[in-house]
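Asks: Protein chains in written order, with the working numbering: chain A, -7 to 202; chain B, 13 to 403.
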Amino acid sequence: MIARVIGAARVIGALGISLVLISCESVSGAGFRTVQGGMSVNVGNNVTVDPQIVWANPFGAGISTTVWTIDGFGLNEVRFLMGIKPGNPLTRVSGVPQSELGSYSATMLPNDVMDLLASTLGKAEFQQIRAERLRPAQFGAVQGFRFDLDYLRKSGLQMKAMVLAAQRGETLDLIMFSAPAEYYFDRYAPTVEQIFASVQASAPAQARAS
Amino acid sequence: MMRDPRVRAGLPALLVSLTLATAHAAPAAGPLPPNYKPALDTAEGGLWRSFDEFEKEVRVSPLLVKDEALNAYVRKIVCDLAGPHCPSLRVYVVNDATSNALCAPNGMILVWTGLLLRAQNEAELAFVLGHEISHYIKRHSLLNFERTRRSAGFLTVLNVATAGLASIGTLIAVGALASYSRDQEREADTDGFELAVAKGYDPRQGALFWENVSAEEDANPKRAKPSPYMASHPATKERLETLNKRAAEIESQTHANVVGADSHRAAIRAYRSTWMDAELNRGEYGESIVMIAQQLKAEADSGELHYFLGEAYRRRNDDGDLGKATASYQAAIIAADVPITAYRGLGLVALKSGQKDAAREAFAKYLSLAPEANDRAMIQFYLVGVGETQP
């Protein structure tokens, strides 16, 4: 009996940790739909990508960020943080007031964006965060940049991540793929490279509106 | 014990076992005798057994720092302080930028690297560890467990038992059981102080540590909740006055004057840069700036500390911070132990300030010193942006 309770606690605990970065206050009423490869999918701020493979896409009240997962929240997921406006954090972090999160500024350099993401992960209580290999990269036809991350979850699970981002007009678009370092990251990294290469960005929504 | 309020909501389900194991609970009395092992059918035995189970997971956690020399350094301080209790205590260094430490009722001591980074010398660390060991010797956790178990609060605690068992952070949640009373804190202050002074540590260092941590907290008015450390150990006026008063009394009676700044720096030298990176990734730059500035008072010629102070200012980027960052980086590059990345920092700040010539010079210097830098392509891109034709 006790073993069963502990086992359940492990599962629930793991889920709680994976939800920590989700930019939603509640996932009640949430569901999953699929996104298919071979088609152009709008991921926000007038950016489209080709998913390449089938992903699960959670949706529902309170979910404001596009996330594609393979095995569930926090596992092998691509997170699209699109159209981040100056003064806003990159994402919400469960249990952390927005005032305690760093915010984006249009005057930031790519180094600053990388540091901001690292400290945002730090607020989510990830440990031993290392961001490196910052380099220029194409974001569709736009000049962008890439960097890599590794970190430990509070549970001790070693994670790796790769990021493609671009500052377009006043806004920031950031796509992050994260997965356990052991096996899963390397398994899906080539697919995510193809997703990154498929980015097509038209004028950012905010810029067009103005 | 220092609690992390962020994880108090999640208690491990193994606490369920505590309720079962403590059905025949009897109140504990008096301090622990050395080499003590409680009977398994007592409340204390159940509490110990639960923490023993936790400790098995701690031992294999990837969050532990396994370096034998570093562990031996902390273990020696613990053993010196604990005297006859030493064989019952086991030390684990946890790689976590939070400033924290705890001594579980079964003798498991966890020391967070954020605490090792903040302690400026061996004496400061000894006063904190002495405080935690005193909670252990006086069985404060058991007393609190007994009290909590009898209250409705414990049932609430069990109902929200959802945290991952493998998480060391969850251990802190267990600390919710040991929300020490003001009297228990006073007792641990007094006893820990006496343990440290008995080993010759400078009695003034105890209050200095609390004052420094308090100054860090004051530098962060945006923080909605106190840090884990301060949540359970407020540096109240009373606490500081008591420690300072006792230090003055002791100074007139003894010659306790061991500070151990060099030994502490030597023990953490190989890790300080990594821990500083982790400190900055907490995103509490105001606190980091105060902490690093405090350390610079004792190590004014440390290029490493000047560099990280520059990084903290650059990353915070409040009004006037870029100028302070530049000054810090410039102090770093004239130090004997200049980190090469100080030139990159100088370049970034110059670029943001529109000083193209200065940016070009700093970036070029950085690449000349670190031609294999993993961000070389980005720096070359910046160089093109400031008019360098052949970066």
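Every residue gets a Cβ at the ideal spot worked out from N, C-alpha and C, and that includes glycine. This one's a predicted model, so the numbers in the text were calculated from it and none came from an experiment.
My assumption, with CB atoms under 8 Å, is that Leu67(A) sits in contact with Leu75(B). Please give the rounded CB distance.
Replies: Not quite, the Cβ-Cβ distance comes to about 20 Å (not below 8 Å), so this is no contact.
Asks: Does any C-beta atom of chain B lie closer than 8 Å to the C-beta of Gly94(A)?
Replies: yes
Asks: Roughly how many whole angstroms lie between the Cα atoms of Pro233(B) and Gly295(B)?
Replies: 14 Å
Asks: Which of the residues in the stretch 385 to 398 of chain B, read from start to end, lie with their CB under 7 Å from any CB of chain A?
Replies: Asn386, Asp387, Ala389, Met390, Phe393
Asks: Can you give me the start and stop residues for the beta strand (DSSP E) that Gln159(A) sits inside?
Replies: Going by DSSP, Gln159(A) is part of the beta strand (DSSP E) stretching over 150 to 160.
Asks: Which same chain residues end up closer than 6 Å to Leu308(B) when comparing Cβ atoms and leaving out the 5 residues on each side of it in sequence?
Replies: Leu317
Asks: Return the chain-ordered ranges of every alpha helix (DSSP H) run that is complete within the stretch 75 to 117 of chain B and spans a minimum of 4 residues.
Replies: 80 to 94
Asks: So, is the C-beta of Asp107(A) closer than 8 Å to a C-beta in chain B?
Replies: yes
Asks: With 8 Å set as the bound, which would you pick, yes or no: does the beta-carbon of Thr58(A) sit closer than that to a beta-carbon of chain B?
Replies: no
Asks: How would you write the range of the alpha helix (DSSP H) that Gly58(B) sits in, first residue to last?
Replies: Where Gly58(B) is concerned, the enclosing alpha helix (DSSP H) stretches over 55 to 71.
Asks: In chain C, which residues lie with their C-beta within 9 Å of the C-beta of Leu67(A)?
Replies: The question asks about chain C, but that chain is absent: this structure's protein chains are A and B.
Asks: For the beta strand (DSSP E) containing Ile121(A), list its first residue and its last residue.
Replies: 119 to 131
Asks: Compare the beta carbon distance of Ala193(A) and Val39(A) with 8 Å and say whether it is the shorter of the two.
Replies: yes
Asks: Within the same chain, show all residues whose beta-carbon is closer than 6 Å to that of Ala252(A), passing over the 5 residues directly before and after it, in chain order.
Replies: Here chain A comprises residues numbered -7 to 202, so residue 252(A) is not present and cannot be evaluated.
Asks: Inspect the beta-carbon positions of Glu299(B) and Glu197(B) and report whether they are closer than 8 Å.
Replies: no
Asks: Indicate whether Leu126(A) and Met390(B) have their beta-carbon atoms separated by less than 8 Å.
Replies: yes
Asks: Would the stretch 268 to 285 of chain B count as touching the stretch 98 to 115 of chain A if we require 3 or more Cβ pairs under 8 Å?
Replies: no
Asks: Does DSSP put Met74(A) in a helix, in a strand, or in coil?
Replies: strand
Asks: Given that Lys115(A) touches chain B, what residues does it touch there, using C-beta distances under 7 Å?
Replies: Gly295
Asks: DSSP three-state call for Ala185(B): helix, strand or coil?
Replies: Residue placement at Ala185(B) cannot be trusted, given a pLDDT of 47 that sits under 50; what the coordinates show is reported in the next sentence. Helix, per DSSP.
Asks: Report the option in Leu127(B), Asp92(B), Val398(B), Arg216(B) whose CA atom is closest to the CA atom of Ile280(B).
Replies: Leu127(B)
Asks: At 7 Å on the CB atoms, spell out the chain B contacts of Asn34(A), in chain order.
Replies: The premise fails here: Asn34(A) is roughly 29 Å from chain B at the closest Cβ pair, so nothing lies under 7 Å.
Asks: Would Ser285(B) pass as a contact of Glu199(B) if the rule is Cβ separation under 8 Å?
Replies: Not a contact, by the Cβ cut-off of 8 Å.
Asks: Give the C-beta separation of Ala55(B) and Leu154(B) to the nearest angstrom, bearing in mind that I take them to be a contact with Cβ-Cβ under 8 Å.
Replies: Between Ala55(B) and Leu154(B) the beta-carbon gap is near 7 Å, inside 8 Å, which marks them as a contact.
Asks: Please work out which residues of its chain come closer than 6 Å, Cβ to Cβ, to Glu117(A), disregarding the five sequence neighbours upstream and downstream, and give them in chain order.
Replies: Lys146
Asks: If you draw a straight line from the alpha carbon of Val155(A) to that of Val77(B), how long is it in whole angstroms?
Replies: 28 Å
Asks: Under 7 Å between beta-carbons, which chain B residues line up against Ala110(A)? List them in chain order, please.
Replies: Asn293
Asks: Determine whether the beta carbon atoms of Pro46(B) and Lys150(B) lie at a separation below 8 Å.
Replies: no
Asks: Is Val271(B) near Asp214(B), with beta carbons less than 8 Å apart?
Replies: yes
Asks: Can you tell me whether DSSP reads Ala193(A) as helix, strand or coil?
Replies: strand
Asks: Would Ile304(B) and Ala231(B) be called neighbours here (beta carbons separated by less than 8 Å)?
Replies: no
Asks: With DSSP collapsed to three states, give me the class of Glu299(B).
Replies: helix
Asks: Helix, strand or coil for Val46(A)? Go by DSSP, reduced to three states.
Replies: coil
Asks: Whole angstroms is fine: what's the gap from Glu124(A)'s alpha carbon to Asp92(B)'s?
Replies: Here the alpha carbon of Glu124(A) sits roughly 42 Å from the alpha carbon of Asp92(B).
Asks: If you follow the beta strand (DSSP E) that Asn256(B) is part of, which residue opens it and which one closes it?
Replies: First-last for Asn256(B): 249 to 265, but that is the alpha helix (DSSP H), not the beta strand (DSSP E).
Asks: Three or more C-beta pairs closer than 8 Å, one from the stretch 132 to 142 of chain A and one from the stretch 45 to 59 of chain A: is that the case here?
Replies: no
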